[in-house]
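Engineer: Which chain is which? The protein sequence lines are R and V, in order.
Quick note on numbering: my numbering labels position 380 of the first sequence as 382, and the sequence is numbered without any gaps.
Quick note on numbering: my numbering labels position 51 of the second sequence as 923, and the sequence is numbered without any gaps.
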Amino acid sequence: MRPLLNGILALIQFLYQSVNLAIGQIWANKTRSFLTMLGIIIGVGSVTAVIAALSGLQAKILTQVQSLGTNTIFIWPNRPTTGPKANAPWWEIRFKPEHFDNLLTYCPSVARFGRTAGLGRYTISFRDKSVEQVEVSGTEPAVLQIQHRTVSIGRLISQMDELQARQVCLIDPRLRDKLLLDKECIGQAILIGHHPFIIVGLLEPRPSSIFGGQESENLEVFIPFQTSFRLNRDPWIMAMAESRSAGQSEEALAELRSFLRRTRQVAPGEPDTFNVQSLENELRTFNKIALVVTAVAGGIVGVSLLVGGVGIMNIMLVSVSERTREIGLRKAVGARRVAILAQFLIEALVLCLMGGLLGVGLGQLLTWGIANIPKAELDMAYIPWQAIVLAFLFSGAVGIFFGMFPAIKAARLDPIEALRHE
Amino acid sequence: MSSDVIIRLEAVTRVYKVGVESIRALDGVDLQVRQNEYVAIMGQSGSGKSTLMNILGCLDRATSGRYLLCGQDTTKMSDTQLARIRNKQIGFVFQSFELLGQLNALRNVELPLIYSSNGWFSRKELAMEALARVGLADRVKHKPNQLSGGEKQRVAIARALINKPSILLADEPTGNLDTHTSEEIMALFDRLHQEGQTIIMVTHEMDIARHAKRIIRMRDGRIVSDSSTQHDLSLHGSDGGQ
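Set out below in structure tokens:
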């Protein structure tokens, strides 16, 4: 037992000494070591930042999907890339309100659905105050329900508003303040373009969403869907639906697709002129893209680590040749080949791991940087621990791989020749 | 064949091949060194004294012949075994000290212990002891560039002594030192010899060699004379010790 213990202690001692020595050596050549590590620092730093951005985006999308519900389905017109409609003008592709008539009867997996009409930008005025370029959209009550929209005061658009095509609206509190409306502005009338509308509700602001653009930035005004046609005869119509459960979203998608193909008279064999997409689907697509981006970033980091590794090898060769006499002396006082090999390998390893550490640090700085880019939707960016582990594993592997040749060269030196080296 | 023979060379030959030519650096050397002998090897450059030192120090192997160190035949040993012999049985002192610049005196002295599995728990004590032995107990934390030439060589001697080697091999130990410092170092060697250390040194200076008790002269890879220094001592009128 005793000799074994002694051997293990000697090994630990040796490793400790080697690491210490390596750090001393790196510290003694600070500039050189830093420049050598730069390749690895930049490689690891940039890839961790990319992964952090993707992870942040993924986390953000996931929280939004969860808040909206994975059974939410989006429907919007889309010009196919092939078929007879490939070169059709947009006005031919757009939805008409009647495309959705009797939808719920033909699509049993759909619990509810609603249409929205993008009407464009209008000047909104109240007395002598006006705000230009406000995005106005017509919306059926179901859409607001699917999106979990609420009002702080007043009420949402009702089924009655729809049926009677009332000139009522929901507005953003910021618009109220800009127009100098009363704090309790319910019942006050504003002009959208030249049409008077009565305010029935004050919208609760919602967090910015990846799917709906930056609602938090833009002022929102909603009017009943049926009323939209008084402002704009040809609005840009889209729809939102909700399957009965998340598990039924596939069936709902299929039903919606075949229903819309029929109402839009898409001939069999021709591509769809619209898109039906569930959030779950979209999440899957995003994950696929994220995977590809990660793989590409991984490839880039691979190349930069390779370049960094060649730098490491170069500097280790310089180090071996500079310290030839030291190697000779160590051999003279009893260092075996393995000991010399290990010493230089550990030095390369420490160099690379330090590079990896600084790289992760740089990645963290970049991550903070990108998290604070306004409007970039990256505020949730973070470096997952797996990425950190991987970064260190890769740097370590580079150290061992590229440190091996110089270390072998050092280990093979003849002590007499080495001690005679000038 | 008495048991206190530490070194026994039997017809040791070392041939270097340079291109097609072969150079006989050592040509059939027979030599015995006993416990606590103090030997100086002299000769001009090219006489083979350095090659002899390298073989005695197990840094090099004989082309033919046998070298027994403490009764063990080193000729058939592997590189690893030779490294072990160098670590435990031999202490080297070089002309240019060969201290590691980034380590302080204590760490330099400890160096051989890193490569041996014993002395793990008492590393620092052993190094302190060795430094005290060469009179540098107060220079422990100094780096080589803060030490004088003589002090550097003392650190190197302490390093050579730390594993209590069978032989101390010194290659021109005073070659880089002034006369006064050289005398100090030689006084230290004399003391170590009196304490029982076996010493073999290579030198070309008679003033240094006269400290030894036995002088071996070499020429063209052979030993040409092997004599006790009693005769030389009387010539120089000095007792060589302190």
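Heads up, the beta-carbon is just placed ideally off N, CA and C, and yes, glycines get one too.
#1: P273 (chain R) to W78 (chain R), Cα distance in whole Å?
#2: So, helix, strand or coil for D1079 (chain V), using DSSP?
#3: Are there 16 or more other CB atoms within 10 angstroms of the CB of V67 (chain R), so buried, or fewer, so exposed?
#4: Going by C-alpha to C-alpha distance, which of R:W238, R:I95, R:I25, R:L293 sits closest to G120 (chain R)?
#5: Looking at C-alpha atoms only, which residue of R:A167, R:P143, R:L165 is the closest neighbour of L158 (chain R)?
#6: Within 7 Å of any Cβ in chain R, is that where the Cβ of Q974 (chain V) sits?
#7: Where does Q250 (chain R) fall in DSSP's three states?
#8: According to the neighbour-count rule (16 or more other Cβ atoms, all chains shown, within 10 Å of its Cβ), is Q267 (chain R) buried or exposed?
#9: Determine the burial state of Q166 (chain R): buried for a count of at least 16 other Cβ atoms within 10 Å of its Cβ, exposed for fewer.
#10: Please classify L59 (chain R) as buried or exposed, where buried requires at least 16 neighbouring CB atoms within 10 angstroms.
#11: Would you mind working out which of R:N8, R:I63, R:A383 sits nearest L368 (chain R), comparing C-alpha positions?
#12: Could you spell out the range, first to last residue, of the alpha helix (DSSP H) harbouring A119 (chain R)?
#13: My assumption, with CB atoms under 8 Å, is that I188 (chain R) sits in contact with I225 (chain R). Please give the rounded CB distance.
#14: Quick check on K889 (chain V): does DSSP put it in helix, strand or coil?
#15: Let me make sure I understand the geometry here. Which of V:G929, V:A1032, V:I895 has the alpha-carbon closest to that of R880 (chain V)?
#16: By how many angstroms is the C-alpha of R168 (chain R) removed from the C-alpha of F227 (chain R)?
#17: Who are the neighbours of L16 (chain R) on chain V, taking C-beta pairs under 7 Å?
#18: With a threshold of 7 Å between beta-carbons, can T885 (chain V) be considered close to chain R, or not?
#19: Given a threshold of 16 other Cβ atoms within 10 Å of its Cβ, counted over all protein chains shown, does H1052 (chain V) qualify as buried or as exposed?
#20: In the DSSP assignment, what residue or residues form a beta bridge with P226 (chain R)?
#21: Can you look up F16 (chain R) in the DSSP assignment and give me helix, strand or coil?
#22: Could you pull the start and end residues of the beta strand (DSSP E) that M1090 (chain V) belongs to?
#23: Roughly how many angstroms separate the alpha carbons of M873 (chain V) and D1062 (chain V), rounded to a whole number?
#24: On the DSSP bridge assignment, give the partners of Y910 (chain V) in chain order.
#25: Quick one: any contact between the segment 193-210 of chain R and the segment 77-96 of chain R, if contact means 3 or more CB pairs under 8 Å?
#26: I need the boundaries of the alpha helix (DSSP H) containing R266 (chain R), first residue and last residue.
#27: Determine, using beta carbons only, whether V112 (chain R) and M242 (chain R) come nearer to each other than 7 Å.
#28: Determine the chain R residues that contact T952 (chain V) at a beta-carbon separation under 7 Å, and present them in chain order.
#29: Tell me whether E997 (chain V) is buried or exposed, calling it buried when 16 or more other Cβ atoms sit within 10 Å of its Cβ.
#30: Leaving out five residues on either side along the sequence, give the residues of the same chain with a beta carbon under 7 Å from the beta carbon of S139 (chain R).
#31: Give me the DSSP bridge partner(s) of T74 (chain R).
#32: Please go through the same chain and pick out, in chain order, the residues whose beta-carbon is closer than 8 Å to the beta-carbon of M162 (chain R), but skip the five residues on each side of it.
#33: Going by DSSP, what residues sit across from H197 (chain R) in a beta bridge?
#34: Given 8 Å as the limit, is there contact between the segment 1074-1090 of chain V and the segment 1016-1027 of chain V, that is, 3 or more CB pairs closer than that?
#35: Are the beta-carbon atoms of F128 (chain R) and I192 (chain R) separated by less than 7 Å?
#36: Do you know offhand how far V295 (chain R)'s Cα is from L954 (chain V)'s?
Structural biologist: Taking the definition as stated:
#1: 15 Å
#2: helix
#3: buried
#4: R:W238
#5: R:P143
#6: Yes, Q974 (chain V) lies at the interface with chain R (some Cβ there is under 7 Å from its Cβ).
#7: helix
#8: exposed
#9: Label assigned to Q166 (chain R): exposed.
#10: buried
#11: R:A383
#12: Run containing A119 (chain R): none in the alpha helix (DSSP H); it sits in the beta strand (DSSP E), 112-128.
#13: Actually they do not touch by this definition, with Cβ atoms about 15 Å apart.
#14: Looking at K889 (chain V) - three-state DSSP - the assignment turns out to be strand.
#15: V:G929
#16: Distance between the alpha carbons of F227 (chain R) and R168 (chain R) is about 10 Å.
#17: Per the sequence shown, the amino acid found at residue 16 (chain R) is Phe instead of Leu. The answer, in chain order, is I986.
#18: no
#19: It is exposed - the Cβ of H1052 (chain V) has fewer than 16 other Cβ atoms within 10 Å.
#20: R:T141
#21: helix
#22: 1086-1091
#23: Residue placement at M873 (chain V) cannot be trusted, given a pLDDT of 47 that sits under 50; what the coordinates show is reported in the next sentence. Near 27 Å, if we compare the C-alpha coordinates of D1062 (chain V) and M873 (chain V).
#24: V:I1071
#25: Verdict: no, contact absent.
#26: Neither: R266 (chain R) is in no alpha helix (DSSP H) and is coded neither H nor E.
#27: no
#28: R338
#29: exposed
#30: T118, A119, G120, L121, F224
#31: R:E244
#32: R168
#33: R:I194
#34: Verdict: no, contact absent.
#35: yes
#36: 56 Å
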